[in-house]
Amino acid sequence: MITIALSKGRIFEETLPLLNAAGITALEDPESSRKLILPTNRADVRLIIVRASDVPTYVQYGAADIGVAGKDVLNEHGGIGLYQPLDLNIARCRMMVAVREDFDYDSAVRQGARLRVATKYVQTARDHFAAKGVHVDLIKLYGSMELAPLVGLSDAIVDLVSSGNTLKANNLKAVEHIADISSRLVVNQAALKLKHGDIQPMLDAFAKAIVK
Ligand code: PRT
Ligand code: MG
């Protein structure tokens, strides 16, 4: 049995065409089904539906053989025990620093002020500001980061931006680009060896179907 870990929403939707290219079709839609284990057209392949940030953990421990996770999530997880053979070029966005439109970020940084930064991406934010030599107090949040500067919880946020509409709707502006983000295929290192005959053809099919 090959178990593939996916999260609902954009990752599931954008992974479906790649699965199809490997001859795998989901028999149920996770958006309407309440099942967490979804069968596929192949008796030896199943999908499990987990939170986006939990995908690397399921694969690391071998509860899933393969998964699809954003580079943002992989940076936070650290990637232990994971083989990351393919950039699938899906669910693309940018990791950015953003502040209120009326906040003078450049002078705050120039003056060496201690910045309060709210984010779900604590590791990424820590590395980014350490490399710049900017002192920050990090405040861990689990979502809706855009709210933090509006209510005085933080001076800045580190968050993902795709269209930019969420920032705009909340009177925020992006002031720094940290990284381009896309989703990667992750494979359990032991599973790749033990189930090589089943997994390698899937990887080859995914690789061929990637839209550059
Ligand atoms: O939602 P949940 O808390 O379960 O987890 P999640 O938010 O990590 O999952 P999901 O499915 O929302 O995102 C999965 C992956 O998609 C992320 O790990 C990213 O790699 C990738 N991705 C691509 C994005 C975005 N684009 C994105 N725009 N993830 C989140 N966003 C959010 C962003 O955080 C911000 O709040 O969308 C908002 C901004 O969007 P724009 O279009 O208004 O700029
Ligand atoms: Mg989300």
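Under my numbering, the first residue of the sequence shown carries the number 10, and numbering increases by one thereafter. Ideal Cβ positions, reconstructed from N, Cα and C, are used throughout, including at glycine. Here the structure is a predicted model, which is why all the values come from computation and not from measurement.
Identity of the residue in the options nearest residue i by Cα
{"i": "Ile-166", "options": "Ser-16, Tyr-92, Lys-149 and Gln-69", "result": "Lys-149"}
{"i": "Val-82", "options": "Pro-210, His-205 and Arg-193", "result": "Arg-193"}
{"i": "Ser-16", "options": "Gly-206, Leu-47, Gln-209 and Ala-139", "result": "Leu-47"}
{"i": "Ile-190", "options": "Lys-80, Ala-117 and Ser-62", "result": "Lys-80"}
{"i": "Ala-188", "options": "Ser-62, Arg-123, Thr-133 and Glu-110", "result": "Thr-133"}
{"i": "Leu-181", "options": "Ala-31, Gln-93, Glu-110 and Ser-41", "result": "Glu-110"}
{"i": "His-137", "options": "Gln-93, Ala-117 and Glu-185", "result": "Glu-185"}
{"i": "Leu-212", "options": "Pro-65, Gly-87 and Gln-93", "result": "Gln-93"}
{"i": "Met-104", "options": "Gly-173, Ser-42 and Asp-38", "result": "Gly-173"}
{"i": "Asp-63", "options": "Asp-115, Gly-87 and Leu-95", "result": "Gly-87"}
{"i": "Tyr-114", "options": "Glu-40, Pro-39, His-205 and Val-143", "result": "Val-143"}
Residue i and residue j closer than 8 Å at C-beta
{"i": "Asn-197", "j": "Val-68", "result": "yes"}
{"i": "Ile-11", "j": "Leu-97", "result": "no"}
{"i": "Val-54", "j": "Ile-33", "result": "yes"}
{"i": "Phe-215", "j": "Leu-91", "result": "no"}
{"i": "Leu-176", "j": "Ala-107", "result": "yes"}
{"i": "Arg-123", "j": "Val-145", "result": "yes"}
{"i": "Ala-35", "j": "Thr-49", "result": "yes"}
{"i": "Val-170", "j": "Ala-157", "result": "no"}
{"i": "Ile-208", "j": "Ala-200", "result": "yes"}
{"i": "Ala-52", "j": "Pro-65", "result": "no"}
{"i": "Ile-57", "j": "Ala-14", "result": "yes"}
Secondary structure of residue i, DSSP reduced to three states
{"i": "Ala-31", "result": "coil"}
{"i": "Gln-198", "result": "helix"}
{"i": "Gly-76", "result": "strand"}
{"i": "Gln-132", "result": "helix"}
{"i": "Ala-100", "result": "coil"}
{"i": "Lys-217", "result": "helix"}
{"i": "Lys-141", "result": "helix"}
{"i": "Lys-44", "result": "coil"}
{"i": "Leu-203", "result": "helix"}
{"i": "Leu-150", "result": "coil"}
{"i": "Arg-123", "result": "coil"}
{"i": "Tyr-70", "result": "coil"}
{"i": "Leu-162", "result": "coil"}
Those residues which DSSP pairs with residue i across a bridge
{"i": "Lys-182", "result": "Val-108"}
{"i": "Ala-14", "result": "Ile-57 and Gly-76"}
{"i": "Thr-49", "result": "Ala-35"}
{"i": "Ala-168", "result": "One detail in the question is off: residue 168 reads as Asp in this sequence, not Ala. DSSP output for Asp-168 lists Met-105 as bridge partner(s)."}
{"i": "Ala-188", "result": "Met-104"}
Contact with chain D by residue i, beta-carbon distance below 8 Å
{"i": "Gly-79", "result": "The structure shown contains no chain D; it is built from a single protein chain."}
*Report yes or no: do the stretch 124-131 and the stretch 152-172 share at least 3 C-beta pairs separated by less than 8 Å?*
yes
*asked:* Across the stretch 84-103 and the stretch 13-29, are there enough close Cβ pairs to call them in contact, namely three or more that are closer than 8 Å?
replied: yes
*Stretch pair the stretch 151-165 + the stretch 71-78: three plus CB contacts closer than 8 Å*: no
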